[in-house]
Each structure stands twice: as structure tokens, then as C-alpha cells.
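Numbering (the working numbering), first residue to last: 4 to 320. Ideal Cβ positions, reconstructed from N, Cα and C, are used throughout, including at glycine. All remarks here apply to the structure that follows.
Here it is, written out as C-alpha cells:
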């Protein structure tokens with residue numbers, strides 16, 4: 004029987020003894036402040052260039068943050084979407100993760116500050132994600148990035164957006180995406196519950212009440228279980244999607260839907276790697292300061308992205 008990484012268990016114990024009310028019981032603005040306070044600790048990671056700007060879009064300008072490990076070079080690009088139940092977290096909370104991905108993959112990373120729920124329900128976040136993909140694919144020189152080498156990535160609910168982008172890009176005939184990287188993604192609704200939703204409903208970093216709160220914030224009054232851009236696992240077909248890397252964690256309610264998505268991708272002919280971390284919990288990639296294996300995992304993901312970009316370049320020659 005596997006057990007939770009002791010460094011992760013220490014975080015669980017600290018949260019349990021903090022006396023703080025759960026995030027999902029707070030007004031959303033207070034919940035956001037709580038999450039920022041949790042993640043904006045310690046010395047920041049360093050990288051050659053960090054620049055904030057906005058990109059034009061149909062529904063208003065979208066704030067983004069560019070991370071570039073070497074602005075003298077034109078490098079591949081990773082379009083990144085942060086997690087947080089479509090409600091909490093932002094560019095700052097995921098700063099460390101994006102820097103590690105940029106440095107390790109030798110790619111520019113553009114992190115997207117999409118509109119959040121409950122002020123903006125689905126499909127607002129996805130519309131912003133799509134607009135961001137279209138914009139970076141245009142080859143803007145200030146990005147110092149190759150529009151022929153774009154990957155999409157995201158963690159948790161950000162993974163939903165990344166996965167959904169690959170579906171829409173396929174359906175629309177572009178923009179071209181060379182690879183997708185999904186950290187413990189949300190790929191389906193929580194009802195009926197999977198086995199991991201039952202066995203991991205409480206006691207770890209993500210629990211059932213938080214996901215109920217998140218879906219309640221995100222879903223509009225009218226929604227369909229067959230909407231693949233909302234529930235990627237429900238897509239009629241996953242064929243002709245870019246190569247995928249899917250990470251799952253044993254102590255995570257989302258474990259089974261992430262696994263199911265990886266299995267479906269593979270069964271429908273998409274080159275797919277599924278890395279399962281049997282001693283980790285949801286959100287471990289955000290804990291690279293405190294969980295040794297989490298930092299190694301992010302470094303491995305970055306190396307995988309770099310290898311994928313190199314392979315894409317070789318295929319074009």
C-alpha cells in the first residue's frame with residue numbers, strides 16, 4: 004500500500020492544524036487572497052526575462068506574462084494556463100512553476116490570466132484561452148518564439164483549458180499545436196463520482212467540497228455534458244490530437260479522470276505518456292520549494308517538453 008510523501012504529508016498536517024476556514028467557504032475575493040498568500044512565499048526563481056503585457060481579444064484585453072530564458076534566441080513556446088478551479092490563482096501564484104518550465108525546456112512560456120469565475124462563467128475562460136492561442140500563433144516578434152513550435156500546458160482546471168484547446172484547434176484546422184502537457188487535469192464532471200472521488204474525497208490538498216464549489220462557480224445556467232470543450236473526456240473523438248504528457252497523483256480525487264483521459268488518448272492513436280506519482284497529492288507541481296520529488300517532476304516535464312520540441316524540428320527537416 005502506497006503512502007503519501009512525508010514532505011507532502013507535512014503540508015497536509017500544517018493545513019489541518021492552521022485553524023483556517025476552508026477556501027471553498029470563503030467569498031471568492033478572500034479565497035483568492037488566501038491562495039496568493041499560500042503560494043507567494045520564499046525567494047522567487049530567476050530567469051533572464053519576465054514581462055507583463057496584454058493581448059487584444061474580442062471580449063477585452065487579456066493580461067499575460069512572458070518568461071524567456073534567453074531573449075537573444077528565438078525559442079519554442081509553451082502557452083500555460085494556471086489551475087485553481089477556474090476561480091482562484093493567477094499569474095503570480097504560478098510564477099515559480101512557469102519559470103522552472105521555461106528554464107528547463109529552453110522555451111518561452113506565456114502564462115495567461117484568463118477571466119475567472121464566478122464573475123465570468125464558462126465559456127469565458129476558454130474564449131480567452133482560444134484568443135491567446137490564436138495570438139501567439141501569429142508570430143509576434145516581441146515573443147522571440149517560433150510559432151511553428153507551440154505547446155499548450157496547464158495544471159488542474161488549467162489542464163482542462165489546455166486539453167480543450169487541442170480539441171478546438173483540431174476541429175478548426177489550427178492553429179497548430181505540437182504537444183500538450185497536462186498536470187492532473189480536470190477532464191470530466193464530478194457526478195457520477197469515480198473511485199478516486201470516493202476514496203480521496205477528503206484529507207488531502209484537493210477535496211470534493213472544493214470541486215463542488217469550483218464547478219458551481221464555473222458552470223453557466225445552461226450547460227451540456229456533451230460539451231467537449233467543457234469536459235474533454237466526453238469528446239466523441241480524441242484522434243488527431245498532438246502528443247500528450249499526462250501527470251496524475253495517487254492521492255487526488257482527479258486521479259481516475261486523468262488516467263482515463265490518458266488511456267483514451269493512447270487508444271485513439273495519440274502518442275501519449277502517462278506519468279503517475281504514487282506518493283503525491285493534487286497540486287504537487289506547485290510545491291517545488293517543499294517537496295523534493297515535486298521539483299524533480301517539474302524538471303522532468305520540462306525536459307520532456309524540450310525533447311518534444313527537438314523531435315518536432317527533426318520531423319520538419
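Answer with buried or exposed for residue 91, where buried requires no fewer than 16 other C-beta atoms within 10 angstroms of its C-beta.
-> For this step, residue 91 is matched to residue 88 along the chain shown. Residue 91 is buried by the Cβ-count criterion.
Applying the criterion that 16 or more other CB atoms from any shown protein chain within 10 Å of the CB defines a buried residue, is residue 87 buried or exposed?
-> Taking the chain shown and counting its residues from 1, one reaches residue 87 at position 84. Residue 87 is buried by the Cβ-count criterion.
Alpha carbon to alpha carbon, how far is residue 79 from residue 109? Give it in angstroms, no decimals.
-> Residue 109 sits at position 106 when you count from the first residue of the chain shown. Residue 79 sits at position 76 when you count from the first residue of the chain shown. If you take the alpha carbons of residue 109 and residue 79, they lie about 8 Å apart.
Nearest-angstrom Cα distance between residue 48 and residue 289?
-> Locating residue 48 in the chain shown gives position 45, where the first residue counts as 1. Locating residue 289 in the chain shown gives position 286, where the first residue counts as 1. Their Cα atoms are separated by approximately 13 Å.
Check residue 235 in the structure and name its three-state DSSP category.
-> Here residue 235 refers to the residue found at position 232 when the chain shown is read from its first residue. Residue 235: helix per DSSP, three-state reduction.
Residue from 130, 136, 123, 301 with nearest C-alpha to residue 114 = In the chain shown, the residue the question calls residue 114 occupies position 111. With distances taken between Cα atoms, residue 114 lies closest to 136.
DSSP three-state call for residue 81: helix, strand or coil?
-> Residue numbering aside, residue 81 sits at position 78 when the chain shown is read from its first letter. Shown here, residue 81 sits in a strand according to DSSP, grouped into three states.
DSSP state of residue 320 mapped onto helix, strand, coil | Here residue 320 is taken as the residue at index 317 of the chain shown, counted from 1. The predicted position of residue 320 is uncertain, since its pLDDT is 39 and thus under 50; a value taken from the coordinates is nonetheless stated next. Correct three-state label for residue 320: coil.
So, is residue 320 buried or exposed, given that buried needs 16 or more other C-beta atoms within 10 angstroms?
-> Position 317 of the chain shown holds residue 320. Note on residue 320: pLDDT 39, under 50, position unreliable in the model; no value is reported.
In the structure shown, what three-state DSSP assignment does residue 304 receive?
-> Here residue 304 refers to the residue found at position 301 of the chain shown. DSSP places residue 304 in helix when its eight states are reduced to three.
From residue 242 to residue 274, what does the alpha carbon distance come to, in whole angstroms?
-> Translated into the one-based positions of the chain shown, residue 242 becomes position 239. Translated into the one-based positions of the chain shown, residue 274 becomes position 271. Going from the Cα of residue 242 to the Cα of residue 274 covers about 10 Å.
Return the residue from the list 16, 246, 103 that minimises the CA-CA distance to residue 111.
-> Stepping through the chain shown from its first residue, residue 111 is reached at position 108. Checked all of 16, 246, 103; the closest Cα to residue 111 is 103.
Name the one or two DSSP bridge partners that residue 69 has.
-> Numbered from 1 along the chain shown, position 66 holds the residue referred to as residue 69. Per DSSP, 54, 113.
Would you mind listing the beta strand (DSSP E) stretches within the region 174-229 that are 3+ residues and don't spill past its ends, in chain order?
-> Runs found: 182-186.
Span of the beta strand (DSSP E) holding residue 254?
-> The residue you call residue 254 lines up with position 251 of the chain shown. Element bounds for residue 254: 247-254.
What first and last residue would you give for the alpha helix (DSSP H) that runs through residue 61?
-> What you label residue 61 is simply residue 58 of the chain shown in a count that begins at 1. First-last for residue 61: undefined, no H or E at that position.
Any idea which residues DSSP pairs residue 276 with across the strands?
-> To locate residue 276, count along the chain shown from 1; it is residue 273. Answer by DSSP bridge pairing, in chain order: 248.
Under 8 Å by Cβ, that's how I've got residue 52 and residue 29 pegged, so tell me the actual separation to the nearest angstrom.
-> Taking the chain shown and counting its residues from 1, one reaches residue 52 at position 49. Taking the chain shown and counting its residues from 1, one reaches residue 29 at position 26. In fact, because the Cβ distance is near 35 Å, the residues do not count as touching under 8 Å.
Residues bridged to residue 153 by DSSP?
-> The residue labelled residue 153 in the question sits at position 150 within the chain shown. In the DSSP output, where bridge partners are listed per residue, residue 153 has 80.
Could you give the DSSP three-state label for residue 284: helix, strand or coil?
-> Taking the chain shown and counting its residues from 1, one reaches residue 284 at position 281. Looking at residue 284 - three-state DSSP - the assignment turns out to be strand.
C-alpha gap between residue 264 and residue 93, whole angstroms = The residue you call residue 264 lines up with position 261 of the chain shown. The residue you call residue 93 lines up with position 90 of the chain shown. Distance between the alpha carbons of residue 264 and residue 93: 26 Å.
Bridge partners - residue 158, DSSP secondary structure assignment | As a position in the chain shown, residue 158 is number 155, starting the count at 1. Partner(s): 186.
In angstroms, rounded to a whole number, what distance separates the CA positions of residue 163 and residue 190?
-> Here residue 163 corresponds to residue number 160 of the chain shown, with the count starting at 1. Here residue 190 corresponds to residue number 187 of the chain shown, with the count starting at 1. It is roughly 6 Å from the alpha-carbon of residue 163 to the alpha-carbon of residue 190.
Just confirm the distance between the C-beta atoms of residue 84 and residue 165, as a whole number of angstroms; I'd bet it's less than 8 Å.
-> The sequence position of residue 84 within the chain shown is 81, counting from 1. The sequence position of residue 165 within the chain shown is 162, counting from 1. The Cβ separation is near 6 Å, so the contact holds.
What's the C-alpha gap between residue 199 and residue 159?
-> In the chain shown, counting from the first residue as 1, residue 199 sits at position 196. In the chain shown, counting from the first residue as 1, residue 159 sits at position 156. Rounded to the nearest angstrom, the two C-alpha atoms are 15 Å apart.
On the three-state DSSP scale, how would you describe residue 309?
-> Looking up residue 309 in the chain shown gives position 306. DSSP places residue 309 in helix when its eight states are reduced to three.
Residue from 258, 38, 77 with nearest C-alpha to residue 24 | Translated into the one-based positions of the chain shown, residue 24 becomes position 21. Residue 38 is the option with its Cα nearest to residue 24.
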